[in-house]
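By my numbering, the letter at position 144 of the sequence shown is numbered 158, and the numbering carries on one by one without gaps.
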Amino acid sequence: MTIHKLMVVGAGQMGCGIVQSSAASGLQVILYDITPARVQQGIANINENVLRDVVKGRRSKEEGEEIVGRISSCYNLEDGVGVDIVIEAISENGQLKEDLFSKLDSICAPNTILASNTSSLSITRLAAATKRPHKVIGMHFMNPVPRMPLVEIIRGLATSDETYTSVSELSRQLGKTPIESGDYPGFVSNRVLMPMINEAIFCVYEGVATPQSVDQMMKLGMNHPMGPLALADFIGLDTSLAIMEVLQQGFGDSKYRPCPLLRQYVHAGWLGRKSGRGFYIYE
Ligand SMILES: NC(=O)c1ccc[n+]([C@@H]2O[C@H](COP(=O)([O-])OP(=O)(O)OC[C@H]3O[C@@H](n4cnc5c(N)ncnc54)[C@H](O)[C@@H]3O)[C@@H](O)[C@H]2O)c1
C-alpha cells in the first residue's frame with residue numbers, strides 16, 4: 015500500500031517535525047492535538063522553519079508555499095477518517111496511548127495503518143488495544159525529525175509484512191533510513207542511549223562533576239556532538255524519565271532505576287528546553 019495522506023496526532027516537538035518532513039516529501043498531512051493551541055503553535059513553528067529555509071536559499075519560495083499548503087490542522091480526531099496512516103506522537107504514557115489507539119481504531123477506515131512514535135513502550139500492547147493488530151507498528155523518529163536520518167521500525171507480534179513494507183517505504187520517501195528493532199523496552203536506540211544519560215545525571219546528583227563538565231567530557235573525549243545533559247534537556251526530562259521507568263519495569267533490573275535528581279526536576283516542572291529550564295536555562 016502506498017501512502018499519500020497521513021495524520022499526525024500530537025503537536026509537540028516530534029509531531030511537528032514529522033508533519034514538516036512529510037509535507038516536504040510531497041505528502042498531504044493533517045495535524046491534531048488534544049490541546050488546540052498546540053496545533054496552532056505547531057503550525058506557526060513549522061511555517062517559520064520553512065520560511066527560514068526559503069530565506070537561506072535552501073528552498074525556492076514556490077517550494078516553501080507548496081510545503082505549507084500540504085499541511086492542514088484539525089480539532090477532531092474524526093477528521094482523520096480517510097487517511098492512509100496515523101502517526102501517533104503524544105506524550106510517553108502507555109495508558110494515554112492505548113486509549114488513543116482504541117479510539118483511532120473505531121474511527122479510521124479498516125485499511126488505515128496506526129503507527130506509534132513511542133520511544134520505549136510495547137507496540138504489541140498498543141496493537142492489542144485495537145481490532146487491527148496486523149496494521150499497528152512502531153515508527154520511532156529521531157529528534158529533530160527534519161535533520162535526523164534514522165527511523166527505528168518496530169513490529170508488534172501481529173504486525174503484517176504488508177504494514178512493515180508500507181512503513182519502510184514511507185520512511186524512505188521521507189528521506190530516512192528505516193532500521194528494524196525488536197519489540198522490547200526502549201527498543202535499541204533508547205536502551206543504549208538512556209542509561210548513559212541517566213548515569214550522567216547521577217554524576218551531577220552525586221557531585222562528581224557539574225553539568226557543564228560532564229557534557230564537555232563527553233563531547234571532547236568521546237566525540238559526541240552534544241553532551242548527555244544537553245541532550246536530555248533537548249529530548250525533554252519528562253520523556254527521559256518515562257523511558258527510564260519503562261526500562262526499569264520492563265526488565266525488572268535495578269540498573270535502570272531513574273536518578274532521583276531526574277525525578278525531582280520533572281516534579282519541579284523543569285522539563286528541559288520545552289519548559290525553559292532543565293540542566294541548563296533557556297531564554
Ligand atoms: N523528545 C524526543 O526527543 C523524542 C524522540 C523520539 C520519540 N519521542 C516520542 O515522541 C512522543 C512525543 O514526544 P514529544 O517530545 O513530541 O512530546 P511533547 O511533550 O513535546 O508533545 C506531546 C504532545 O502530545 C499532546 N497530547 C497529549 N495527550 C494527547 C492525546 N490524548 N491526544 C492528542 N494529543 C495529546 C500534548 O498536548 C503535546 O502537544 C513520545 O512518545 C516520545 O517518547 C520523543
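For glycine and all other residues, C-beta sits at the position ideal for the given N, C-alpha and C.
Legend entry - With 16 other Cβ atoms within 10 Å as the buried cut-off, status of Gln27: Here the question's residue 27 lines up with position 13 in the sequence shown. Buried is the label assigned to Gln27, since at least 16 other Cβ atoms lie within 10 Å of its Cβ.
Inset, instruction - Starting from the N-terminal side, write out each stretch of the alpha helix (DSSP H) that is 4 residues or longer and does not extend beyond the stretch 75 to 136. - result: If we require 4 residues or more, the alpha helix (DSSP H) runs fully inside the stretch 75 to 136 come out as 75 to 83 and 108 to 121.
Inset, instruction - Give me the Cα-Cα distance between Cys217 and Gly200, rounded to the nearest whole angstrom. - result: Here residue 217 is taken as the residue at index 203 of the sequence shown, counted from 1. Here residue 200 is taken as the residue at index 186 of the sequence shown, counted from 1. So the alpha carbons of these two residues sit roughly 22 Å apart.
Inset, instruction - Tell me whether the beta-carbon of Ala246 lies closer than 9 Å to the beta-carbon of Gly290. - result: In the sequence shown, residue 246 corresponds to position 232, counting from 1. In the sequence shown, residue 290 corresponds to position 276, counting from 1. Not in contact: Ala246 and Gly290 (Cβ atoms no closer than 9 Å).
Inset, instruction - Taking only heavy atoms of ligand 1 into account, decide whether any of them is closer than 8 Å to the Cβ of Asp252. - result: Here residue 252 refers to the residue found at position 238 of the sequence shown. Ligand 1 has a heavy atom closer than 8 Å to the beta-carbon of Asp252.
Inset, instruction - Assign Asp197 to one of two classes, buried (16 or more other C-beta atoms within 10 Å of its C-beta) or exposed (fewer than that). - result: Sequence index remark: in the sequence shown, residue 197 carries index 183 (1-based). Asp197 should be labelled buried.
Legend entry - The beta strand (DSSP E) enclosing Arg169, as first and last residue numbers: Numbered from 1 along the sequence shown, position 155 holds the residue referred to as residue 169. Its beta strand (DSSP E) spans residues Leu164 to Arg169.
Legend entry - From Arg271, Asn63 and Ala51, residue whose alpha carbon lies closest to that of Ile32: As a first step, residue 32 must be located in the sequence shown, where it is residue number 18. Residue Asn63 is the option with its Cα nearest to Ile32.
Legend entry - Assigned exposure category for Pro147 - 16 Cβ within 10 Å defines buried: Translated into the one-based positions of the sequence shown, residue 147 becomes position 133. By the neighbour-count definition (other C-beta atoms within 10 Å, threshold 16), Pro147 is a buried residue.
Inset, instruction - Determine contact between the stretch 200 to 216 and the stretch 235 to 253, defined as no fewer than three beta-carbon pairs at a distance below 8 Å. - result: Because the criterion of three Cβ pairs below 8 Å is met, the stretch 200 to 216 and the stretch 235 to 253 touch.
Legend entry - Heavy atom of ligand 1 within 8 Å of Val228 beta-carbon: As a working note, residue 228 is residue 214 in the sequence shown. Not one heavy atom of ligand 1 lies closer than 8 Å to the C-beta of Val228.
Inset, instruction - With a 10 Å radius around its C-beta and 16 neighbouring C-beta atoms as the bar for buried, classify Gln34 as buried or exposed. - result: For the purposes of this step, residue 34 is taken as residue 20 along the sequence shown, with counting starting at 1. Answer is buried; the Cβ neighbour count reaches 16.
Inset, instruction - Look up Ile193 in the DSSP assignment and say whether it is helix, strand or coil. - result: In the sequence shown, counting from the first residue as 1, residue 193 sits at position 179. Three-state DSSP puts Ile193 in a strand.
Inset, instruction - Would you verify that the beta carbon of Met162 is, or is not, closer than 9 Å to some beta carbon of chain B? - result: Judged by its chain identifiers, the structure shown contains no chain B, having just a single protein chain.
Legend entry - From Ile44, Ala25 and Cys30, residue whose alpha carbon lies closest to that of His18: Counting from 1 along the sequence shown, the entry for residue 18 is found at position 4. The residue with the shortest Cα to Cα distance from His18 is Ile44.
Legend entry - Unbroken stretches of the alpha helix (DSSP H), 4 residues or longer, contained in the stretch 227 to 268: Qualifying alpha helix (DSSP H) stretches, in chain order: 242 to 249 and 251 to 265.
Inset, instruction - Please determine if the stretch 115 to 122 and the stretch 36 to 55 are in contact, where contact requires at least 3 C-beta pairs separated by less than 8 Å. - result: No, because fewer than three Cβ pairs between the stretch 115 to 122 and the stretch 36 to 55 fall closer than 8 Å, the two stretches do not touch.
Legend entry - C-beta contact flag for Ile137 and Thr179 at 9 Å: By one-based count along the sequence shown, residue 137 stands at place 123. By one-based count along the sequence shown, residue 179 stands at place 165. The answer is no: Cβ separation not under 9 Å.
Inset, instruction - Verify the contact flag: Lys70, CB atom, against every heavy atom of ligand 1, threshold strictly below 8 Å. - result: Locating residue 70 in the sequence shown gives position 56, where the first residue counts as 1. Outside the cutoff, so no.
Legend entry - Which of helix, strand or coil DSSP assigns to Val206: As a working mapping, residue 206 is identified with position 192 in the sequence shown. Annotated three-state conformation of Val206 is helix, per DSSP.
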